[in-house]
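Q:
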Amino acid sequence: MPTTRTTAEAQKERDAELIKEAISAFVSQHSELRQAAVVTEIPPPLKWASIIVGGIMTAATTAGFIWLVATVNEMQLTLARMDERIGAWQTMQDARYIELEKRMSKIEADKDRAHAPS
Numbered sequence: 053m054p055t056t057r058t059t060a061e062a063q064k065e066r067d068a069e070l071i072k073e074a075i076s077a078f079v080s081q082h083s084e085l086r087q088a089a090v091v092t093e094i095p096p097p098l099k100w101a102s103i104i105v106g107g108i109m110t111a112a113t114t115a116g117f118i119w120l121v122a123t124v125n126e127m128q129l130t131l132a133r134m135d136e137r138i139g140a141w142q143t144m145q146d147a148r149y150i151e152l153e154k155r156m157s158k159i160e161a162d163k164d165r166a167h168a169p170s
């Protein structure tokens, strides 16, 4: 009985080899069936166009980033200057308010002295 099995197994192996050879011969004659091995070639003008477009997009992104950094820096300087001006203006207004308070106090004191019975 062991010889029958090995003969049957050997026959299966030969059949499998014949089937593989038949499939290989058929597929070699019909290239459209080899989809896994099909390599599509990108035309050179399309490659160059994609390189150029990629370069332009990279340059535009870089320029946009540089512009954004420069604009934020200018805004920061402008806000710092405005802060200084507003601080100076507020200090000036405080000084004016104090001066007006002194003048009003002096005027009220003079008025009180003028109306006081002597």
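All you need for the numbering used here is the position in the sequence shown, starting with 1, plus 52.
Virtual Cβ for every residue (Gly too), placed ideally from N, Cα, C.
Quick one: Cα of proline 95 to Cα of methionine 109, how far?
A: When rounded, the distance between both Cα atoms is 21 Å.
Q: In terms of residues, what are the limits of the alpha helix (DSSP H) holding alanine 110?
A: According to the sequence as given, residue 110 is threonine; it is not alanine. First-last of the alpha helix (DSSP H) with threonine 110: 96-167.
Q: Reducing DSSP to helix, strand and coil, say where threonine 58 ends up.
A: Threonine 58: helix per DSSP, three-state reduction.
Q: Using only the alpha-carbon positions, how far apart do threonine 58 and lysine 72 sit?
A: Between threonine 58 and lysine 72, the C-alpha separation is close to 21 Å.
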